[in-house]
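Notes for the one structure printed next.
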Amino acid sequence: MLQADRVGEKRGLGRGRFDGRQEHRFCWDGTLGAHDEHVGQWGLVWRQFRRRPLAVAAGIVIVALITTSIWAPFLAHDRPLHYRGVNRFAYREAVRTLLELLRRLDASSAAATRSPREDTLRAIALQGRLMMAQLPPDRRERLHELLRQVATDDPNPQRVREWQLIVRREFGGSDVPLVSRAHWPVLASLRWMDVFFLVWNISLLTAWWWWPALHRVFPPPQVGYRRLCLGMGWVGVPAACALGWWLAVPERIDRTNYKAGVLAEEAGAATAPVVYESVTWPPIPFGIDENVLANATLQPAFWSRAKESRPRMVVGRWDRPHWLGTDELGRDVLCRMIWGGRVSLAVGIVAVAIYVSIGIVVGAVAGYFRGVCDLVLSRVIEVVICFPAFFLILTIVAFIGPGIFNIMVVIGLTGWTGIARLVRGEFLRLVDQEFVLAGRALGYSPFRLIFRHILPNALAPVLVSATFGVAGAILTESSLSFLGLGITVPTPSWGGILTSGRDAIFRAPWLIVFPGLAIFVTITCYNLVGEALRDASDPRLRGSR
Numbered sequence: 001m002l003q004a005d006r007v008g009e010k011r012g013l014g015r016g017r018f019d020g021r022q023e024h025r026f027c028w029d030g031t032l033g034a035h036d037e038h039v040g041q042w043g044l045v046w047r048q049f050r051r052r053p054l055a056v057a058a059g060i061v062i063v064a065l066i067t068t069s070i071w072a073p074f075l076a077h078d079r080p081l082h083y084r085g086v087n088r089f090a091y092r093e094a095v096r097t098l099l100e101l102l103r104r105l106d107a108s109s110a111a112a113t114r115s116p117r118e119d120t121l122r123a124i125a126l127q128g129r130l131m132m133a134q135l136p137p138d139r140r141e142r143l144h145e146l147l148r149q150v151a152t153d154d155p156n157p158q159r160v161r162e163w164q165l166i167v168r169r170e171f172g173g174s175d176v177p178l179v180s181r182a183h184w185p186v187l188a189s190l191r192w193m194d195v196f197f198l199v200w201n202i203s204l205l206t207a208w209w210w211w212p213a214l215h216r217v218f219p220p221p222q223v224g225y226r227r228l229c230l231g232m233g234w235v236g237v238p239a240a241c242a243l244g245w246w247l248a249v250p251e252r253i254d255r256t257n258y259k260a261g262v263l264a265e266e267a268g269a270a271t272a273p274v275v276y277e278s279v280t281w282p283p284i285p286f287g288i289d290e291n292v293l294a295n296a297t298l299q300p301a302f303w304s305r306a307k308e309s310r311p312r313m314v315v316g317r318w319d320r321p322h323w324l325g326t327d328e329l330g331r332d333v334l335c336r337m338i339w340g341g342r343v344s345l346a347v348g349i350v351a352v353a354i355y356v357s358i359g360i361v362v363g364a365v366a367g368y369f370r371g372v373c374d375l376v377l378s379r380v381i382e383v384v385i386c387f388p389a390f391f392l393i394l395t396i397v398a399f400i401g402p403g404i405f406n407i408m409v410v411i412g413l414t415g416w417t418g419i420a421r422l423v424r425g426e427f428l429r430l431v432d433q434e435f436v437l438a439g440r441a442l443g444y445s446p447f448r449l450i451f452r453h454i455l456p457n458a459l460a461p462v463l464v465s466a467t468f469g470v471a472g473a474i475l476t477e478s479s480l481s482f483l484g485l486g487i488t489v490p491t492p493s494w495g496g497i498l499t500s501g502r503d504a505i506f507r508a509p510w511l512i513v514f515p516g517l518a519i520f521v522t523i524t525c526y527n528l529v530g531e532a533l534r535d536a537s538d539p540r541l542r543g544s545r
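Here it is as structure tokens:
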């Protein structure tokens with residue numbers, strides 16, 4: 001009796017039947033389960049990839065770097081993660097802004113324009129919510145009634161002056177009592193894109209739990225539902241959360257100096273801009289552009305000679321040691337490296353996504369239609385290849401100017417030729433196979449044949465090349481930043497930190513060592529993963545290492 005039959009009889013399924021969960025059980029010995037009937041090409045690639053411990057370790061390092069970059073606001077920030085207390089500075093700033101908006105409301109009504117008036121009313125409502133959040137209930141109701149009058153009544157000059165007088169007299173005095181409540185400054189500083197990648201990263205880190213569950217819920221015959229749930233988990237849920245955040249949380253600039261705050265039981269709490277009853281700071285309580293010139297070029301805290309420089313170190317109430325030292329402006333290097341990883345990794349991934357998209361389209365069109373179309377596109381590819389890529393990027397950036405989006409677009413527009421040649425070769429191999437001929441006989445359009453039937457079978461070498469391309473794009477961005485043509489200050493990047501340490505290589509060698517080490521480790525890990533994927537996707541090399 002076959003093993004499948006014994007399993008089926010044991011579970012009461014009958015001869016020749018077995019549970020789909022057995023097929024897709026995740027095993028750490030390099031197999032997906034007891035049977036391989038439903039294991040596709042990507043399943044075989046993943047199984048071979050997991051047999052390479054060095055590549056798996058490199059993939060874990062890449063995931064850790066990406067996770068650290070995504071969670072940078074919660075790891076390195078000059079604002080508390082959470083505190084309970086009173087923010088006098090934010091309240092007084094809201095009062096001043098509200099008075100100015102009331103004056104503008106008078107001017108916009110005099111100009112008889114509707115759109116500026118609506119924008120002003122929305123801004124007034126926002127400042128009112130900021131004030132009401134810290135007011136006691138009776139004053140909160142009074143302010144709510146005042147804002148309702150502002151939104152509904154005719155804003156003639158006399159009426160506006162009355163409103164301004166009420167705001168100054170009842171809400172603008174220094175004796176206005178404020179209510180202690182919970183604040184989340186870091187969370188309030190997030191943008192919709194931050195929320196998208198945070199939710200996406202959570203789904204990535206929890207994939208070890210929901211991926212096997214997805215296979216158990218939707219066995220192989222229901223692969224369509226599984227793909228739908230997979231797309232919702234990777235794209236749909238993060239996009240919905242980002243959209244909800246964009247609609248519910250308005251962007252605002254918080255200028256509060258939270259490090260000037262004091263605890264409620266300390267002296268000066270009556271006049272401090274922020275009063276804490278309890279407070280939780282990030283592990284690295286420094287901002288990316290928080291400079292203290294007295295702490296310039298401090299050695300890393302773990303260096304043996306760092307103790308000699310500590311007597312001259314200016315330590316704030318809420319500060320902690322600078323574990324990787326400071327630069328020439330007194331900015332924390334570890335904080336800037338975490339935020340700089342966001343820029344460097346984003347440039348690598350987005351630039352590769354741009355040129356992979358271009359290369360797939362060009363290569364697919366050339367390989368599918370062949371003839372004159374293939375001849376023209378192949379000559380265009382050869383012309384672009386003739387230009388040295390890095391010098392071409394330098395020339396374009398010199399004309400359009402440095403910037404993160406410019407760097408992404410330039411690298412994407414100059415690196416697509418290799419992907420196009422790979423896809424063209426795969427299409428020339430696949431275009432005359434039986435499944436393509438059957439699709440043509442059924443009347444499928446070229447668009448459907450190219451992107452739904454042929455392209456999925458030609459993506460393996462593209463994925464391998466893209467992995468190597470991310471490493472090359474990160475190195476290119478770091479080189480441009482080092483030459484002064486990359487990301488502009490104060491936005492940090494690994495190459496930009498290297499540039500700041502170029503003139504202080506003997507006084508502050510850590511400005512060269514740590515960013516250079518981060519670039520080296522990242523590129524090495526991407527190359528290891530790319531090499532493992534290349535071997536795993538090639539049937540001739542499977543099991544050779």
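Sequential numbering of the sequence shown, starting at 1, is according to UniProt numbering. We put the CB at the ideal spot given by N, CA and C, even for glycine. Since this is a predicted model, take the numbers as computed values, not measurements.
Counting the other Cβ atoms within 10 Å of the Cβ of W184 gives fewer than 16, which makes it exposed. The continuous stretches of beta strand (DSSP E) do not include A458, and DSSP gives it neither H nor E. 9 Å or more divides the Cβ of L517 from the Cβ of G495. Residue environment analysis places F405 among the exposed positions, since fewer than 16 neighbouring C-beta atoms fall within 10 angstroms of its C-beta. The Cβ-Cβ distance between A536 and L44 falls below 9 Å. Taking the Cβ atoms as the reference, W163 lies roughly 45 Å from W200, outside the contact range of under 8 Å. In the structure shown, L528 falls within a helical segment according to DSSP collapsed to helix, strand and coil. Rounded to whole angstroms, the gap between the alpha carbons of E118 and R139 is 25 Å.
By DSSP's assignment, A182 forms a beta bridge with R84. Going by DSSP, V275 is part of the beta strand (DSSP E) stretching over 274-280. Judged by their CB atoms, E290 and R331 are nearer to each other than the 9 Å cut-off. A direct Cα-to-Cα measurement between F89 and A248 gives close to 24 Å.
Secondary structure at L329: coil, using DSSP grouped into helix, strand and coil.
In this structure, the straight-line span from the alpha carbon of L463 to that of A55 is close to 15 Å.
Per DSSP, H215 is one residue of the alpha helix (DSSP H) stretching across 207-217. Straight-line measurement puts the Cα of L187 at about 35 Å from the Cα of V397.
Per DSSP, the unbroken alpha helix (DSSP H) holding D374 starts and ends at 371-386. Per DSSP, W71 is not a residue of any alpha helix (DSSP H), being assigned neither H nor E. Judged by beta-carbon spacing, G415 lies within the 9 Å limit of V352, meaning their Cβ atoms are closer than that value. Where M408 is concerned, the enclosing alpha helix (DSSP H) starts and stops at 404-414. For L324, the number of other beta carbons within 10 angstroms of its own is at least 16, and it is reported as buried. According to DSSP, residue pairing for L263 in a beta bridge involves Y276.
The residue from R440, A264, P53, R79 with its alpha-carbon nearest to that of I288 is R79. The alpha-carbon separation between G231 and Y225 amounts to approximately 10 Å. The C-beta of C373 has fewer than 16 other C-beta atoms within 10 Å across all chains shown, which makes the residue exposed.
In the three-state reduction of the DSSP assignment, I253 falls in the coil class. Residue burial is scored here from C-beta neighbours: A151 has fewer than 16 other C-beta atoms within 10 angstroms and is therefore classed as exposed.
Here I505 carries a coil assignment [DSSP, helix/strand/coil]. Annotation: V365 to N457 spans about 15 Å, alpha carbon to alpha carbon. Under the 8 Å Cβ criterion, the region 234-243 counts as touching the region 191-199, having at least three qualifying pairs. For T417, the enclosing alpha helix (DSSP H) starts and ends at 417-430.
Contact check between the region 173-181 and the region 133-149: three or more CB pairs, one atom from each, fall below 8 Å, which counts as touching.
Using a Cβ distance threshold of 9 Å, I523 and I487 do not count as a contacting pair. Pairing S278 with Y83 gives a Cβ-Cβ distance under 9 Å.
Close CB contacts of L428 within its chain, under the 8 Å cut and outside five residues either way in sequence, are with G367, R370 (chain order). In this structure G348 does not touch V423 by the C-beta definition: roughly 21 Å separates them, more than the 8 Å allowed.
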